[in-house]
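Novice: Position in the sequence shown counted from 1, then plus 225, gives you the working numbering.
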Amino acid sequence: MNYIYGINAVTEALKARGRSFAWVAVSKDRHDLRLQRLIEECRRQGVAVRFVTRAELDEMAGNNSHQGVVAVTSAKQYSGIDDVVAAKRGQHSLVVVLDGVEDPHNLGAILRTADAAGADGVVIPERRAASVTAIVAKTSAGASEHLPVAKVTNIARTLEELKTKNLWIVGLDERGKQLYDKLDYRMDCAVVFGAEGKGLHELVRRHCDFLVSIPMLGKVPSLNVSVAAGVVLYEIVRQRQERKAPPSK
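(1) Check whether the Cβ atoms of H317 and R465 sit closer than 8 angstroms, and answer yes or no.
(2) Among M285, S252, R259, D257, which has the Cα closest to the Cα of F276?
(3) Just mark N233 as buried or exposed, buried being the case when its beta carbon has 16 or more other beta carbons within 10 Å.
(4) Closest to P329 by CA distance: which of A312, K390, E421 is it?
(5) Go to P550, then tell me how far its alpha helix (DSSP H) extends in each direction, as first and last residue.
(6) The beta strand (DSSP E) spanning A420 covers which residue range?
(7) Between the stretch 374 to 384 and the stretch 407 to 414, are three or more C-beta pairs nearer than 8 angstroms?
(8) With a cut-off of 8 angstroms, do at least 3 Cβ pairs link the stretch 437 to 454 to the stretch 394 to 407?
(9) May I ask you to verify whether the stretch 351 to 364 touches the stretch 383 to 402, counting CB pairs closer than 8 angstroms and requiring at least 3?
(10) Using a Cβ-Cβ cutoff of less than 7 angstroms, which residues in the same chain neighbour R259 once the five nearest sequence positions on both sides are dropped?
(11) By how many angstroms is the C-alpha of L263 removed from the C-alpha of V321?
(12) May I ask you to list the residues that DSSP assigns as paired with A375?
(13) Among the candidates L448, R268, L436, D254, whose CA atom is the shortest distance from the CA of L534?
(14) Compare the beta carbon distance of H432 and E237 with 8 angstroms and say whether it is the shorter of the two.
(15) Mind reading off the beta-carbon distance from A296 to V235? Whole number of angstroms is fine, and I expect it under 8 angstroms.
(16) K474 to L436, Cα distance in whole Å?
(17) Reducing DSSP to helix, strand and coil, say where A359 ends up.
(18) Roughly how many angstroms lie between the CA atoms of A368 and H426, to the nearest whole one?
(19) What does L263 pair with, by DSSP beta-bridge criteria?
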């Protein structure tokens, strides 16, 4: 059985209709409006609701951060690379590629930011990296249920595949000579973020068309990967929303 928990994560999974639901467990002790709306949505969709104790919810979720809701569902359905590219949401493609992010909280935070920034989807490796688990769904506030996520066997090969689909590859790397905000992102592109503490693998780095860096003006050498992703993705949003200045007379 697969579990997802948290009010936002379960609500968004119901809306997205990407999983089948066996049933949803709800705390007997919680009676607020947000929970009532979730129960009503379950009933609209014909999903069974069971009222249980908090101790039972703790056991199902494996922790006590479930906010009084745990759903028993099918597993997350991953997308293919073609599906991610086809899910283009704006004038220019934006695919987020993660080169071995291992912390599920970081993955969840990146999925939430990627969705908010209008990314078409996210690519993650099959091995030695976090998958879309209940923790990730909760941390993403349900964004993981809406955003296409592709699981691939080889990130470097996938970057070459994305190039054949006319996407430019931008890697965030502390050795990058170009500052992240000096590159023009008004192009179809994939942005690659490296693993915690390791950055991009050398082979992945060599497959990037551009390498950009974030200036670090303090004592620490780098940002948390989910923070760095937020910085770069919202620079892309800023540039793509910026209106071109009218030609001078």
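Every residue gets a Cβ at the ideal spot worked out from N, C-alpha and C, and that includes glycine.
Since the structure is predicted, the reported quantities are computational estimates derived from the model, not experimental observations.
Specialist: Based on what the coordinates show:
(1) Here residue 317 corresponds to residue number 92 of the sequence shown, with the count starting at 1. Here residue 465 corresponds to residue number 240 of the sequence shown, with the count starting at 1. A contact, by the Cβ cut-off of 8 angstroms.
(2) Numbered from 1 along the sequence shown, position 51 holds the residue referred to as residue 276. Measuring from the Cα of F276, the nearest candidate turns out to be S252.
(3) Position 8 of the sequence shown, counting from 1, holds the residue named residue 233. It counts as buried.
(4) Along the sequence shown, read from residue 1 onward, the residue named residue 329 stands at position 104. Nearest option by C-alpha distance: E421.
(5) No information on residue 550 is available, as it lies outside the stretch 226 to 474 that the chain covers here.
(6) Taking the sequence shown and counting its residues from 1, one reaches residue 420 at position 195. Taken as a continuous stretch (DSSP letters only), A420 belongs to no beta strand (DSSP E), as it is neither H nor E.
(7) no
(8) yes
(9) Touching, no, given that fewer than three Cβ pairs across the two stretches are closer than 8 angstroms.
(10) Taking the first residue of the sequence shown as position 1, residue 259 is located at position 34. Hits under 7 angstroms: I232.
(11) Indexing the sequence shown from 1 puts residue 321 at position 96. Indexing the sequence shown from 1 puts residue 263 at position 38. Each residue's alpha carbon lies about 31 angstroms from the other.
(12) Taking the first residue of the sequence shown as position 1, residue 375 is located at position 150. S304, V348.
(13) The chain is shown only over 226 to 474; residue 534 falls outside these bounds and no answer can be derived.
(14) Reading the sequence shown from its first residue, position 207 is the one you call residue 432. Reading the sequence shown from its first residue, position 12 is the one you call residue 237. Contact: no.
(15) Numbered from its first residue, the sequence shown carries residue 296 at position 71. Numbered from its first residue, the sequence shown carries residue 235 at position 10. With 8 angstroms as the limit, A296 and V235 qualify as a contact, their Cβ atoms being about 5 angstroms apart.
(16) As a working mapping, residue 474 is identified with position 249 in the sequence shown. As a working mapping, residue 436 is identified with position 211 in the sequence shown. For K474, the predicted structure reports a pLDDT of 47, less than 50, and the residue's modelled location is therefore unreliable. The matter cannot be settled from this model.
(17) Along the sequence shown, one-based indexing puts residue 359 at 134. A359: helix per DSSP, three-state reduction.
(18) Your numbering for residue 368 matches position 143 in the sequence shown. Your numbering for residue 426 matches position 201 in the sequence shown. Roughly 27 angstroms between the two C-alpha positions.
(19) Position 38 of the sequence shown, counting from 1, holds the residue named residue 263. In the DSSP output, where bridge partners are listed per residue, L263 has none listed.
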